[in-house]
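Here's the structure we're looking at; comments come further down.
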Amino acid sequence: TEAITIFPWSFDYWHQRGFVRIDMGQYHEAIADFSYMLFFSPKHLRARLERAYALKQIGNRREALEEYRIAAQDHPTDYQANYEYGYSLIDFEEYTKAAEYMKKAAELNPESGDPLYELAYAYLKSQQYQKALDNFINAQAKLGDRTPPRYYLHVADCQVKLGKKAEACANYTKAEQLRVEGAAAARATNCK
Numbered sequence: 119t120e121a122i123t124i125f126p127w128s129f130d131y132w133h134q135r136g137f138v139r140i141d142m143g144q145y146h147e148a149i150a151d152f153s154y155m156l157f158f159s160p161k162h163l164r165a166r167l168e169r170a171y172a173l174k175q176i177g178n179r180r181e182a183l184e185e186y187r188i189a190a191q192d193h194p195t196d197y198q199a200n201y202e203y204g205y206s207l208i209d210f211e212e213y214t215k216a217a218e219y220m221k222k223a224a225e226l227n228p229e230s231g232d233p234l235y236e237l238a239y240a241y242l243k244s245q246q247y248q249k250a251l252d253n254f255i256n257a258q259a260k261l262g263d264r265t266p267p268r269y270y271l272h273v274a275d276c277q278v279k280l281g282k283k284a285e286a287c288a289n290y291t292k293a294e295q296l297r298v299e300g301a302a303a304a305r306a307t308n309c310k
């Protein structure tokens, strides 16, 4: 509290306090801290992203989406701003726009498989199966051991739509072995 009295304007203080409050699950208080920072510095990227995260945690997804949009708009060359905005767009089933931001994130951080995975998912949901399959495969190559188990289900769904039944059935089986929800039903339906 002494730091507040001496340096109430210190962005580092407000950022750290907001971050600690997020760790403690005090999301409303964290939002207030980050809002204070943004009042004085509207383009402060970390405050914008952390505020958006806290908003999502309390269920205010629409306002979080807007915060991520502002972050991506104000910081078009920032990987995380583009990734988080694209990810939030997927939550709202805005797959075409999400793909645009995931492509941008992938270009900004070519070593990461995460934006490629989400880009592939956006393509899958918008029925662009070949693009989805290609990006899932590229993502898996970069993610390695971090590849989500749902990968196999998504890849199989693409393969079924592209007429690659044998490959799809192998991936449905792998997804089922990894206990991915819906894999057994998908295998039963598509691998008769």
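Just so you know, we're using my numbering here: the sequence shown kicks off at 119 and counts up by one.
Ideal placement from N, C-alpha and C gives every residue a C-beta, glycine not left out.
The structure presented is a predicted model; accordingly, all values stated were derived computationally and were not measured.
- Taken through DSSP and simplified to helix, strand or coil, aspartate 151 comes out as helix.
- Fully enclosed alpha helix (DSSP H) runs of no fewer than 4 residues occupy 197-209 and 213-226 of the region 181-232, in order along the chain.
- At least 8 Å separates the beta-carbon of tyrosine 186 from that of alanine 223.
- For secondary structure counted as the alpha helix (DSSP H) over 4 or more consecutive residues, the region 154-180 holds these complete runs in sequence order: 163-175.
- Nearest Cα to aspartate 192 within the set Asp209, Tyr235 and Arg164: Arg164.
- With contacts defined by Cβ atoms closer than 8 Å, tyrosine 241 and asparagine 256 do not form a contacting pair.
- The Cβ atoms of glutamine 277 and tyrosine 269 do not sit closer than 8 Å to each other.
- For threonine 265, no alpha helix (DSSP H) run applies, since DSSP gives it neither H nor E.
- Burial state of arginine 135 is buried, judged by a 10 Å Cβ sphere holding 16 or more other Cβ atoms.
- In the displayed model, cysteine 287 falls within a helix according to three-state DSSP.
- In the three-state scheme derived from DSSP, where H, G and I count as helix and E and B as strand, leucine 237 is classed as helix.
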